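In UniProt numbering, the protein residues as written are 1 to 457.
Inspection log for the structure reproduced underneath, given as structure tokens.
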Amino acid sequence: MIPIAGTPVLTAAEMRAAEDAAIAAGTSVDTLMQRAGAGVADAVRRLAGVNDVLILCGPGNNGGDGYVAAARLHAAGRSVRVAASGEPRTPAAIAARALWTGAVEPLATAAPAPVLVDALFGTGLSRALDAETGAALGRLARQANLTIAVDVPSGVATDDGTVFGEVPAFHVTLALGAAKPAHLLQPAAARCGTVRVIPIGIPTDSATQILARPDLTAPPVDAHKFTRGMVAVVRGRMAGAAQLAASAAMHAGAGYVTLLGATIPSAPHALVRRRLDAEALADPRIGALLIGPGLGRDDDACASLEQALATDHPLVVDGDALHLVTPERLCDRHAPLILTPHAGEFAALFGAPAGSKLAAARDAAVRAQATIVFKGPDTVIAAPDGHAIIAGEANSWLSTAGSGDVLAGAIAALLAGGRRALDAAAAGVWLHGEAARRLGPAFIADDLAVALAGARA
Ligand SMILES: NC(=O)C1=CN([C@@H]2O[C@H](COP(=O)(O)OP(=O)(O)OC[C@H]3O[C@@H](n4cnc5c(N)ncnc54)[C@H](O)[C@@H]3O)[C@@H](O)[C@H]2O)[C@@H](O)CC1
Ligand SMILES: [K+]
Numbered sequence: 001m002i003p004i005a006g007t008p009v010l011t012a013a014e015m016r017a018a019e020d021a022a023i024a025a026g027t028s029v030d031t032l033m034q035r036a037g038a039g040v041a042d043a044v045r046r047l048a049g050v051n052d053v054l055i056l057c058g059p060g061n062n063g064g065d066g067y068v069a070a071a072r073l074h075a076a077g078r079s080v081r082v083a084a085s086g087e088p089r090t091p092a093a094i095a096a097r098a099l100w101t102g103a104v105e106p107l108a109t110a111a112p113a114p115v116l117v118d119a120l121f122g123t124g125l126s127r128a129l130d131a132e133t134g135a136a137l138g139r140l141a142r143q144a145n146l147t148i149a150v151d152v153p154s155g156v157a158t159d160d161g162t163v164f165g166e167v168p169a170f171h172v173t174l175a176l177g178a179a180k181p182a183h184l185l186q187p188a189a190a191r192c193g194t195v196r197v198i199p200i201g202i203p204t205d206s207a208t209q210i211l212a213r214p215d216l217t218a219p220p221v222d223a224h225k226f227t228r229g230m231v232a233v234v235r236g237r238m239a240g241a242a243q244l245a246a247s248a249a250m251h252a253g254a255g256y257v258t259l260l261g262a263t264i265p266s267a268p269h270a271l272v273r274r275r276l277d278a279e280a281l282a283d284p285r286i287g288a289l290l291i292g293p294g295l296g297r298d299d300d301a302c303a304s305l306e307q308a309l310a311t312d313h314p315l316v317v318d319g320d321a322l323h324l325v326t327p328e329r330l331c332d333r334h335a336p337l338i339l340t341p342h343a344g345e346f347a348a349l350f351g352a353p354a355g356s357k358l359a360a361a362r363d364a365a366v367r368a369q370a371t372i373v374f375k376g377p378d379t380v381i382a383a384p385d386g387h388a389i390i391a392g393e394a395n396s397w398l399s400t401a402g403s404g405d406v407l408a409g410a411i412a413a414l415l416a417g418g419r420r421a422l423d424a425a426a427a428g429v430w431l432h433g434e435a436a437r438r439l440g441p442a443f444i445a446d447d448l449a450v451a452l453a454g455a456r457a
């Protein structure tokens with residue numbers, strides 16, 4: 001069982017291709033299933049302690065993994081029962097079924113157990129469970145103290161994170177070979193509980209990764225304020241939002257932060273205030289320009305945005321500014337560009353996402369030729385070259401006013417520090433999440449900005 005941070009994410013088709021490549025290279029499906037089942041049995045043994053285990057086995061290879069795990073748990077002296085809605089249908093699952101010498105109880109009438117293992121359906125599920133199977137799964141899950149899903153909870157769509165009808169929330173999901181989008185994208189991710197990968201000995205490479213702790217080392221000994229990165233934040237109608245973003249940029253490690261626009265009397269002394277004019281925007285030391293937090297959507301906002309777009313500074317576009325541009329207006333810029341939309345801003349800029357959030361973010365990145373930070377409880381970061389990073393479930397206390405301004409400021413600081421756009425966006429999302437984790441419940445965005453410094457440490 002390995003934690004998922006930093007590991008690749010594979011769609012059902014990518015996982016099948018990886019398995020097919022292993023099979024073509026001489027590893028049989030049965031061997032893969034033995035590895036998967038053994039990994040599941042080992043994990044269940046550790047998680048279940050001495051408690052009785054009930055394994056539900058479906059008709060496909062997910063069910064096959066369940067039969068292998070049951071046989072191995074039995075051989076290890078554990079109390080384990082199996083229930084199924086019918087006989088297995090794939091050759092590998094039929095072979096695995098033959099290894100289980102105990103009874104197979106009918107699913108509909110199976111008695112509950114303290115530990116429930118769901119091996120009904122995995123990546124092959126294409127539609128909702130039939131009513132009787134869904135009801136049995138729900139009943140047995142409610143009556144168990146510990147619920148463990150094999151590969152994915154039965155009833156979630158592997159690739160886009162949607163759920164087919166009612167799916168119980170599992171405590172643990174054992175992802176076979178690699179994590180899948182459903183382990184990270186909502187609403188499926190909320191049904192998975194803690195996700196751990198069970199390696200099955202095949203190489204799994206993907207352009208999609210799970211967000212990992214970034215390298216946030218201290219500045220080198222010869223650093224000065226400008227080598228650490230200069231961030232310029234454009235102030236708009238709501239000065240507080242730009243000030244929050246500027247505070248976040250300072251606490252995320254920028255060496256010099258300037259607020260461009262009318263002055264704010266209460267701003268920290270370290271924040272350098274300047275007029276928003278051609279001279280200020282021409283400063284070649286600007287490592288990242290941030291526009292959007294509290295910008296407004298009036299003529300002044302449009303004029304400020306045009307000025308910002310006319311520069312060739314690395315640019316972060318957030319909030320209101322996302323309502324004032326089009327992908328076509330952005331795609332010709334040469335300097336690095338990061339857009340940080342939440343769902344509403346994403347829909348305004350790119351149209352309502354069709355399909356998975358991951359695919360939508362990738363398409364948007366290509367259209368705007370920008371790194372997209374599609375925010376939410378399952379933030380997806382996508383670059384125009386096809387690489388993507390998905391963040392694990394966010395702290396729900398981040399749903400507070402100003403939280404997005406703080407994220408934009410943190411990303412701008414990391415971009416100004418010299419990271420590539422995708423890395424800056426990912427590091428910013430990680431820092432933001434880590435700062436929230438350290439604060440506990442009901443923090444406000446001002447606290448969050450300050451907590452970025454501790455999170456960096
Ligand atoms: N392919 C491989 O080499 C390996 C696959 N493994 C396991 O195999 C799983 C994928 O196996 P399968 O592709 O056989 O798919 P599943 O075991 O997920 O089963 C899906 C089967 O049920 C049918 N089906 C789909 N939706 C249904 C529904 N709502 N009601 C009833 N039947 C439905 C499908 O036609 C398919 O035959 C993975 O999740 C993993 O657990 C592992 O054993 C490792 C090796
Ligand atoms: K399952």
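Think of the CB as a built atom: it goes at the ideal place given N, C-alpha and C, for glycine as much as any other residue.
Predicted model only: the values in this text are computed from it and were never measured.
{"Item": "If you run the structure through DSSP and keep just helix, strand and coil, what is E306?", "Value": "helix"}
{"Item": "Return the bridge partner residues of E87 from the DSSP annotation.", "Value": "Paired residue(s): none; E87 is not in a bridge."}
{"Item": "On the three-pair Cβ rule with 8 Å, is the region 267 to 280 touching the region 288 to 297?", "Value": "no"}
{"Item": "Going by beta carbon distance, what residues of the same chain come within less than 8 Å of G165, once the five residues before and after it are set aside?", "Value": "A128, L129, G134, G155"}
{"Item": "How many Å lie between L330 and H251 at the Cα?", "Value": "29 Å"}
{"Item": "Are the region 139 to 146 and the region 188 to 201 in contact at 8 Å, needing three or more beta carbon pairs?", "Value": "no"}
{"Item": "Any heavy atom of ligand 2 closer than 7 Å to the CB of N62?", "Value": "yes"}
{"Item": "Just tell me which of M1, V104, A83, V117 has its CA closest to the CA of N51.", "Value": "V117"}
{"Item": "Could you check whether the Cβ of V366 sits closer than 7 Å to any heavy atom belonging to ligand 1?", "Value": "no"}
{"Item": "One question on the structure: do N62 and A24 come within less than 8 Å of each other, judged by their Cβ atoms?", "Value": "no"}
{"Item": "Tell me, please, whether the region 30 to 38 touches the region 215 to 225 by the rule of three or more beta-carbon pairs shorter than 8 Å.", "Value": "no"}
{"Item": "Which residues end up in the neighbourhood of ligand 2 when you take C-beta atoms closer than 7 Å to any of its heavy atoms?", "Value": "N62, D118, A119, L120, F121, G122, A149, V150, D151, V152, P153, S154"}
{"Item": "Can you look up V117 in the DSSP assignment and give me helix, strand or coil?", "Value": "strand"}
{"Item": "Could you give the uninterrupted runs of the beta strand (DSSP E) lying entirely in the region 171 to 220, keeping only those of 3 residues or more?", "Value": "172 to 176, 194 to 198, 208 to 210"}
{"Item": "Round the Cβ separation of S206 and E14 to the nearest angstrom and send it over; I've been treating them as touching at under 8 Å.", "Value": "6 Å"}
{"Item": "Below 8 Å, can you find three or more Cβ-Cβ pairs linking the region 386 to 396 to the region 406 to 418?", "Value": "no"}
{"Item": "Please tell me whether L431 and L452 are closer than 8 Å, where the distance is taken between their beta carbons.", "Value": "yes"}
{"Item": "Should the region 344 to 362 be regarded as contacting the region 304 to 311, the criterion being three or more beta carbon pairs within less than 8 Å?", "Value": "no"}
{"Item": "Does any heavy atom of ligand 1 sit closer than 7 Å to the C-beta of R191?", "Value": "no"}
{"Item": "Confirm the yes/no value for this check: CB of E19, any heavy atom of ligand 1, distance under 7 Å.", "Value": "yes"}
{"Item": "Flag this pair as yes or no: are the beta carbons of L415 and P336 separated by less than 8 Å?", "Value": "yes"}
{"Item": "Starting from L47, follow the alpha helix (DSSP H) in both directions and report where the run begins and ends.", "Value": "29 to 48"}
{"Item": "With DSSP as the reference, label P377 as helix, strand or coil.", "Value": "coil"}
{"Item": "At a cut-off of 7 Å, would you count G428 as near ligand 1, judging by its Cβ distance to the nearest heavy atom?", "Value": "no"}
{"Item": "Ligand 1 heavy atoms versus the CB of P91: any closer than 7 Å?", "Value": "no"}
{"Item": "Got a sec: does ligand 1 put a non-hydrogen atom nearer than 7 Å to the Cβ of M33?", "Value": "yes"}
{"Item": "Mind checking whether the beta-carbon of D65 lies closer than 7 Å to any heavy atom of ligand 1?", "Value": "yes"}
{"Item": "Note the first and the last residue of the continuous alpha helix (DSSP H) segment covering R273.", "Value": "It is not in any alpha helix (DSSP H) - R273 instead sits in the beta strand (DSSP E) that spans 272 to 274."}
{"Item": "Does the beta-carbon of E328 have 16 or more other beta-carbons within 10 angstroms, so that it is buried, or is it exposed?", "Value": "exposed"}
{"Item": "If we count the other Cβ atoms within 10 Å of its Cβ and call it buried at 16 or more, is E19 buried or exposed?", "Value": "buried"}
{"Item": "Mapping the DSSP letters down to three states, classify E166 as helix, strand or coil.", "Value": "coil"}
{"Item": "Using three-state DSSP, classify P441 as helix, strand or coil.", "Value": "coil"}
{"Item": "Terminal residues of the continuous alpha helix (DSSP H) containing residue 461?", "Value": "Not covered by the structure: residue 461. The range shown for the chain is 1 to 457."}
{"Item": "Tell me, please, which residues DSSP counts as bridged to I55.", "Value": "V82, V117"}
{"Item": "Taking DSSP as the reference, what is the three-state secondary structure of V156?", "Value": "strand"}
{"Item": "Can you determine whether any heavy atom of ligand 1 sits closer than 7 Å to the C-beta of V29, and answer yes or no?", "Value": "yes"}
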